[in-house]
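Chemist: Residue numbers (the UniProt record's numbering): 1 to 388. For every residue, glycine included, the Cβ atom is placed at its ideal position computed from N, Cα and C. Can you keep this structure in mind? I'll have questions shortly.
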């Protein structure tokens, strides 16, 4: 009930509130603050001070017929701010599907958060801070011509308009007005059917994020904005993120038939100084669905033995779960060569591990072992490093 923009951001003992301690609070009741089914303004001011939200207090209906219980959350350690924002969000109009599309953008999480705040009108910028009475009225730090609103700084400032035109030109939409970007309708629609719409949306939000970073660096670090590399940098970020996403999701060619194919990707990470190693594996169904993935620590005297143990670990899971294994992929050429052409005089120290692996392979007679490059095996490699 206190009108203060920071009321939810401070602990209770530090909130800028007021309570008249000269009153005898032990016997005080709510009725002492009421007068004819409404709040008594004089009593409220005398008790809590003058900094109250009168618009909110005057809208409260205190007639007996409208009273009902409001039960608080039973969750432990729930903050007051969370309860308030949860209540506000529960009453919001969720008809716009853009909220769903924002979180599906193919960009890093910090960019999604920025666009979410921008769409909500909650970006901490000059005009917003001025509206909630905790900041001065500022002009745009880029052009120093217009008030510093989020729409102006990110979409409409003449200092960035040229670069938005370049972005639209790259996306095959050179005739699209820049005002369309600030309307946010592009989030829920196709930009251009002849281009990758998802990549285009990622490029737009990444450019907006880089503009915001330039603004923050100018204010807090006094760095001169460098807009010339803005679009190229955004394109590079989006391309790298999409490429990394494809590697992690294992975008392999689709099978030509509907036969179920189960594949193991295995990897080991070995530390020569301690002889500790991490074993990682992923069991994939039809090249696009992860059935099981895991990692663990192990102790061995050679990296090849570690690679073999990683394969054995994954195959044991397949055997225990009665999975019909088809392929084993490993990026260690030595393992592939020893399985197909084992020479005891050369690889005698690995004889025990190779023998154990061949015994398990007898349970999967149709399984093939193939050597792949390290880039294709990035998921198992990450798991192996996690287990180290």
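Should residue 103 be labelled buried (16 or more other beta-carbon atoms within 10 Å of its own) or exposed?
Modeler: Residue 103 is exposed by the Cβ-count criterion.
Chemist: Determine, using beta carbons only, whether residue 381 comes closer than 8 Å to chain B.
Modeler: Given the protein chain composition of this structure (a single chain), no chain B is represented.
Chemist: Compare the C-alpha of residue 260 against each of 301, 53 and 327 and name the closest.
Modeler: Closest by alpha carbon: 327.
Chemist: Among 197, 292, 137 and 153, which one has its Cα closest to the Cα of residue 143?
Modeler: Nearest C-alpha to residue 143: 153.
Chemist: Quick one, which of 134, 150, 139 and 106 has its alpha-carbon nearest residue 120's?
Modeler: The residue with the shortest Cα to Cα distance from residue 120 is 150.
Chemist: My assumption, with CB atoms under 8 Å, is that residue 353 sits in contact with residue 308. Please give the rounded CB distance.
Modeler: Contact flag correct, Cβ pair sits at about 4 Å.
Chemist: What does the Cβ neighbour count give for residue 281, buried or exposed, with the cut at 16 atoms within 10 Å?
Modeler: With 16 or more other Cβ atoms within 10 Å, it is buried.
Chemist: In its own chain, which residues sit with a C-beta less than 8 Å from the C-beta of residue 296, not counting the 5 before and 5 after it?
Modeler: Excluding residues within five positions, the ones whose Cβ falls inside 8 Å are 278, 279, 313 and 387.
Chemist: If you draw a straight line from the alpha carbon of residue 377 to that of residue 331, how long is it in whole angstroms?
Modeler: C-alpha separation (whole angstroms): 7 Å.
Chemist: DSSP state of residue 206, grouped into three classes?
Modeler: The answer is helix: DSSP assigns residue 206 an H, G or I state.
Chemist: Which whole runs of the beta strand (DSSP E) in the segment 265–348 are 3 residues long or more, in chain order?
Modeler: The segment 265–348 contains these whole beta strand (DSSP E) runs: 276–285, 289–299 and 327–330.
Chemist: When DSSP labels each residue in this structure, what does residue 142 get in the three-state scheme?
Modeler: Coil, per DSSP.
Chemist: If you measure between the beta carbons of residue 290 and residue 263, is that distance less than 8 Å?
Modeler: Not in contact: residue 290 and residue 263 (Cβ atoms no closer than 8 Å).
Chemist: Output the distance between the C-alpha atoms of residue 214 and residue 226, rounded to the nearest integer angstrom.
Modeler: Each residue's alpha carbon lies about 7 Å from the other.
Chemist: To the nearest angstrom, how far is the alpha carbon of residue 221 from that of residue 159?
Modeler: When rounded, the distance between both Cα atoms is 19 Å.
Chemist: For residue 61, count neighbouring Cβ atoms within 10 angstroms of its own Cβ and tell me buried if that reaches 16, exposed if not.
Modeler: Under this definition residue 61 is an exposed residue.
Chemist: Could you pull out every residue in the same chain whose Cβ sits closer than 7 Å to the Cβ of residue 181, ignoring the five residues on either side in sequence?
Modeler: Excluding sequence neighbours, residue 181 sits near 155, 164 and 204.
Chemist: What are the complete alpha helix (DSSP H) segments, minimum 4 residues, inside the segment 123–194?
Modeler: Qualifying alpha helix (DSSP H) stretches, in chain order: 126–131, 158–170 and 179–183.
Chemist: Can you give me the C-alpha to C-alpha distance between residue 184 and residue 201, rounded to a whole angstrom?
Modeler: Roughly 11 Å between the two C-alpha positions.
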